[in-house]
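Asker: My structure is below; once you've seen it, I'll send some questions.
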Amino acid sequence: MTNKTDRPPPFLLTTAKRVAPLPLGLAAARAFVHGAFNYLKYTVLHLAGKTPKGLEFGIGSTVAALSSMSEGFSISQLRGAIAWGAPYLDYDGGHPTVDVASKQDWIVVKGSGWKGCWVPFKASSTRNDLRPIGQGCDIVILFAHGGGFICGHPLQTIDVLRDLVKAVHDQSGLKVGILSIDYSFSPETPFPGALNECIAAYKALVQEYGVDAQRIITFGDSAGGNLAHVIPLKIRDDFPELGLPAATMSSSPYVPDTDPMEKTLYDMITPISCQSFAEGYSGYYDPESLASPHFSPLNATSLAGLPPMLVFVGGLEILRPSIEKFVAKAKGDKCSVDVVLHERRAHCWFFASPMCTPQDRAEAIETCAQFLIKHSKKNS
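Listed below in structure tokens is the structure:
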């Protein structure tokens, strides 16, 4: 959502310097009270039979409790919470970093204009084989994490990615490595900062590490889903000599749109948070950024020629209309698009265990694995 309103978006209070954010203790207390209220509200609706049919109480109540909770936090508080909550992260100067000494499954990497984490293919969980980028891999996933362009970490979804790597290898013997980009955040680095860093990493894969573009698959969730789709669009438009990736996958991609959004108890993403993401990433509504097809692919004259896509969308998420608009545009431009719609799930459901069942996650990973196998160079 890119509509500008009079209400200052809470995510950006600190950086915008318009309103002082709540102290952390008060913000946490507000979040707890808000979450508890939404939990009780959902419980009453559930008992009255007024919640979506088939939505499990445990999942629905969890999503309801999370809905709107983050709106009282500043950017620095959110970034700190991510660092505090993830066992593989250290909080360092306001930005989460990998504690390499405690983990031996990846390495921190960087190049000209980009940095990230390289997770090489490993035949077993006990084998310590940190091969250089791209080596020993049939497929390289160029991954962009979610977080509204304002927070997150390149390894925050490592459990899902590892399960995907294992599923692909078990079913086909194909070896998959992951280069997850640690892109710069908004509003400090607005559009096209994160995109440019992803393109720099893509260039490095092709030109420095010798990875055939047709062995690369872009993948991302939420804001990272935006980047996953825009990377090939940017390459098509400005860097055709690099070659397009083999395919693109996304979970609940954030596709900025001007249509209004409806707040719901059944999704943890809210119109206010989406407004904050758009404001920060666009450089406070810079007109040139807002109109760019690389800001939102809905602005593109045509999406023709882009690689095959696999798009997951939750039936209850507020981004559903914009995602479906993007899918319709891509299909109208003769792109190959597979859509997985789960009517009873919220934003990025299979990336977070409390918001899905084990079967949900297993089915999503299986779908991703089959898509990767289908579009790998060995099977093309």
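Note that the numbering used here numbers the sequence shown so that position 27 is 13, with each residue one more than the last.
Ideal Cβ placement from N, Cα and C applies to all residues, glycine included.
Values in this document were obtained by computation on a predicted structure and should not be read as measured data.
1. Within a Cβ cutoff of 7 Å, which residues of the same chain sit near residue 158, ignoring the five residues on either side of it in sequence?
2. I'd like to know if the stretch 231 to 247 and the stretch 294 to 314 are in contact, where contact means that at least 3 CB-CB pairs between them fall below 8 Å.
3. Would you mind stating whether residue 177 and residue 102 have Cβ atoms separated by less than 8 Å?
4. Just the Cα atoms here: how many angstroms apart are residue 41 and residue 145?
5. Give the range of the alpha helix (DSSP H) segment to which residue 151 is assigned.
6. Applying the criterion that 16 or more other CB atoms from any shown protein chain within 10 Å of the CB defines a buried residue, is residue 94 buried or exposed?
7. Mind checking residue 401: buried by the 16 CB within 10 Å criterion, or exposed?
8. Just curious, the alpha helix (DSSP H) that residue 311 is in, first and last residue?
9. Residues in the same chain with beta-carbon distance under 6 Å from residue 31, minus the five sequence neighbours each way, listed in chain order, please.
10. Measuring CA to CA, which of 183, 289, 330 and 335 is closest to residue 317?
11. Can you check which of these residues, 280, 17 and 153, is closest to residue 347 by C-alpha distance?
12. For residue 275, which of helix, strand or coil comes out of DSSP?
13. Suppose the cutoff is 6 Å on Cβ atoms and the five residues either side in sequence are ignored; what does the same chain contact list for residue 254 look like?
14. Exposed or buried, residue 264, counting other C-beta atoms within 10 Å across all chains shown (16 or more means buried)?
15. Compare the C-alpha of residue 198 against each of 231, 345, 218 and 221 and name the closest.
16. Given a cut-off of 8 Å, decide if residue 219 and residue 273 are closer than it, judged by their beta-carbon atoms.
17. Which same chain residues, not among the five before or five after residue 327, have their C-beta less than 7 Å away from its C-beta?
18. Report yes if the C-beta distance between residue 125 and residue 203 is below 8 Å; otherwise report no.
19. Taking 6 Å as the limit between beta carbons, can you name the residues of its chain near residue 169, skipping five residues before and five after?
20. If I measure Cβ to Cβ from residue 64 and keep anything under 8 Å in the same chain, skipping five residues before and after, which residues do I get?
21. Just tell me which of 15, 330, 123 and 331 has its CA closest to the CA of residue 195.
22. With distances taken between CB atoms, is the gap from residue 341 to residue 45 smaller than 8 Å?
23. Using a Cβ-Cβ cutoff of less than 7 Å, which residues in the same chain neighbour residue 80 once the five nearest sequence positions on both sides are dropped?
24. Quick one, which of 60, 29, 33 and 35 has its alpha-carbon nearest residue 17's?
25. With distances taken Cα to Cα, identify the nearest neighbour of residue 261 among 245, 251 and 252.
26. Quick one: what's got a C-beta closer than 8 Å to residue 223's C-beta in the same chain, skipping five residues either side?
27. Using the C-alpha atoms, what's the distance from residue 12 back to residue 107?
28. Tell me the start and end of each unbroken alpha helix (DSSP H) in the stretch 150 to 236 that is at least 4 residues and wholly inside, in chain order.
29. Spatial neighbours of residue 189 within its chain, please: CB distance less than 7 Å, with the 5 preceding and 5 following residues excluded, ordered by chain position.
30. Nearest to residue 339 by CA position, among 142, 162 and 35, is which residue?
Answerer: In brief:
1. 359
2. yes
3. no
4. So the alpha carbons of these two residues sit roughly 25 Å apart.
5. 144 to 158
6. exposed
7. There is no way to answer for residue 401, as the model of the chain reaches only from -13 to 366.
8. 306 to 318
9. 37
10. 289
11. 153
12. helix
13. 49, 52 and 53
14. buried
15. 231
16. In this structure, residue 219 does not lie closer than 8 Å to residue 273 by Cβ.
17. 299 and 301
18. yes
19. Closer than 6 Å at the Cβ level, and outside the excluded window around residue 169, lie 180 and 183.
20. -3, 56, 136 and 137
21. Selected option, being the one with the closest Cα: 123.
22. yes
23. Low confidence applies here, because residue 80 scores a pLDDT of 31, under 50, leaving its location unreliable and the question unanswered by this model.
24. 60
25. 245
26. 279 and 280
27. Using only the alpha carbons, I get a separation of about 44 Å.
28. Within the stretch 150 to 236, the complete alpha helix (DSSP H) runs of at least 4 residues are 179 to 189 and 209 to 224.
29. 228
30. 142
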